[in-house]
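What follows is a single structure, written as structure tokens, with notes after it.
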Amino acid sequence: MTPAPTEPLRIGNASGFYGDRFGALEEMLTGGPLDILTGDYLAELTMLILGRDRLKDPGRGYAKTFLRQLETCLGLAAERGVRIVTNAGGLNPAGLADSVRELAEKAGIPVRVAHVEGDDLLVRPGWPAGTLTANAYLGGGGIAECLRAGAEIVVTGRVTDAALVSGAAAAHFGWRPDDFDRLAGAVLAGHVLECGTQATGGNYSFFGALDVHRPGFPLAEIAEDGSSVITKHPGTGGAVTLGTVTAQLLYETTGARYAGPDVTARLDSVRLTEDGPDRVRLDGVRGEAPPPTLKTGLTRLGGWRNEVTFVLTGLDVDLKERLVREQMEAAFAAAGRRPAEVDWHLARTDHPDAASEEEASALLRLVVRDPDQDAVGRVISGAAVELALGSYPGFHVTAPPGKGAPYGVFEAAYVPAGEVPHVAVLPDGHRVTIEPPATTRELVREADPPLPDPLHHDGPTRRAPLGLVAGARSGDKGGAANVGVWARTEEAWRWLVHELTTDRLRALLPEAAALSVERHVLPNLRALNFVIDGLLGAGVASQARFDPQAKAVGEWLRARHLDIPEVLL
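Here numbering that gives the first Met the number 0 is used: the first residue of the sequence shown is 0, the next is one more, and so on.
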């Protein structure tokens, strides 16, 4: 065997979702040296969108944006020797690979293209009726096989986001499938990179101290032992700090064990240290055998949805709300069909003695859902419009309601890894089956570690926002929301870990009061990670709440007031 390379592998990211900055691919190729450039285009909602595209045209089902980006970047990548690994193949990686070859041929640029398939599964008994897409989350083995075979562009379907990085690192360094610590380190580096500029100051709690007008995309310098340095190209905006990396490590995770198809990475083992300006070293990661099953995302059309937002201005907001609700309920009764789900929410955005009409107004939002489109169509829009001259004073709505639109549902199923085909289709067309892991380990919750001593202080406390002493990052996992909260100092951590219990979180976030809440303690990151089950209903595609992906739940929590020791302020 040839010795493993000693120089770090430089892997960049140029997309965190389908719709991210279009010019990022070119920015990353021209901004500095890279070996591999990844692009993450898939999310739970994206699979439903691509599924509907495929219904209209079986030749589609992939992220078309990636092809348009390649029109100007294929030559740049070839010239600089940068290989590209992307999950833009979505539901049709073979189709996207063929389209890339056609583009390369027209441009006269020789390029070796490979793809990974097998994640797109047939519907199984026991899965919900009407399932539109069913995709297992594959690991990095197929990507590694394609790169070893000399592929310059690798297109995948539904792999884990971090597999784009860990698969490339495994190929470069020649890691074995049981090199769990190395793989785990690369997986966490991939997790930091996968959401693009969220690692360089985007969506960051303490953004006011950074220049985040146009943050640069991140890259990782991965070493043979699986450790890495998170950084970005020189001269780009944003910043890479202990805080920005911590925030992204907590994003859309649950407990100490971060499970994937190749390895379970231990989030409680990671060490973060500064390694110079815009450089954060990530090391110490331990890995364990992966679970015996693969998470499989199921999407389906859940029914039809409509909404209308009534504007309530000035005095007597509560009376105005009561009147319009009673009038709409009477309209449902008169029509003889009340939608299956009727949700009202009043946002008190109004201010007393306001200097502008907008600041004097509250927003009353009505959302309805039903399996039948007619139940959310004219019944809603007609009733709302007909109230225009016969309801509360100042009646108007933010926009006329429409006919209703379909909404989606995301659910997770788990399939034995050995039952899911994982195939690398090499540049010469040869097909290689990737075997499932030889060793697996059932995923169980890690017991919380001993807590540090509470912060002892004899001084006064002050009623103040939690966000003065803690950062947060939140996101969605199906119908659950994850909220990671971290302290910036050891003293604040000793206070936070004892103060922010599950009961206190429920009190601070009343929407979670009746829901199951789990708390996970991560001392190395001075962080707590909360999972609020059911906060998002049937997931992002169902649009169950004002913030359907829980993107701002962490900022809501930071804005809540507690009695905080003044020594921390």
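Glycine included, each C-beta is placed from N, C-alpha and C at the ideal position.
CA-to-CA distance, residue j to residue i, given in whole angstroms
i	j	result
residue 54	residue 116	19 Å
residue 47	residue 131	7 Å
residue 224	residue 465	38 Å
residue 60	residue 121	16 Å
residue 255	residue 194	20 Å
residue 205	residue 247	13 Å
residue 336	residue 374	7 Å
residue 95	residue 20	20 Å
residue 163	residue 379	45 Å
residue 339	residue 442	37 Å
residue 411	residue 34	34 Å
residue 477	residue 274	36 Å
residue 191	residue 433	26 Å
residue 359	residue 548	28 Å
residue 566	residue 557	18 Å
residue 221	residue 228	7 Å
residue 279	residue 10	15 Å
residue 15	residue 196	8 Å
residue 493	residue 390	54 Å
residue 98	residue 300	29 Å
residue 86	residue 8	20 Å
residue 38	residue 146	16 Å
Residues near residue i in its chain [Cβ-Cβ closer than 6 Å; skip 5 each side]
i	result
residue 395	310
residue 555	none
residue 91	60, 61
Residue i - partner residues in DSSP beta bridges
i	result
residue 86	None, per the DSSP bridge assignment.
residue 340	368
residue 464	560
residue 529	482, 518
residue 360	312
residue 306	366
residue 413	294
residue 12	37
residue 407	300
residue 231	217
residue 108	None, per the DSSP bridge assignment.
residue 345	363
For residue i, the three-state DSSP class (helix, strand or coil)
i	result
residue 433	coil
residue 419	coil
residue 294	strand
residue 225	coil
residue 399	coil
residue 488	coil
residue 49	helix
residue 1	Unreliable placement is indicated for residue 1, whose pLDDT of 46 sits below 50; the coordinate value is still reported in the next sentence. Coil at residue 1, not helix or strand.
residue 220	strand
residue 134	strand
residue 282	strand
residue 143	helix
residue 115	strand
residue 477	coil
residue 509	helix
residue 275	coil
residue 470	strand
residue 377	helix
residue 236	strand
residue 95	helix
residue 186	helix
Buried or exposed by the 16-neighbour rule on C-beta atoms within 10 Å, applied to residue i
i	result
residue 1	With a pLDDT of 46 at residue 1, under the threshold of 50, the modelled position of this residue cannot be trusted; read the value that follows with caution. Residue 1 comes out exposed.
residue 258	buried
residue 384	exposed
residue 52	buried
residue 413	exposed
residue 519	buried
residue 545	exposed
residue 267	buried
residue 226	buried
residue 430	exposed
residue 79	exposed
residue 181	buried
residue 495	buried
7 Å CB neighbourhood of residue i in its chain, flanking five on each side removed
i	result
residue 403	303, 304, 305, 372, 375, 376
residue 212	236
residue 159	136, 138, 259, 260
Own chain, CB closer than 8 Å to residue i, minus 5 neighbours either side, in chain order
i	result
residue 437	176, 177
residue 74	106, 108
Any chain D beta carbon closer than 8 Å to residue i
i	result
residue 94	In summary, chain D is missing from the structure at hand, where a single protein chain is found.
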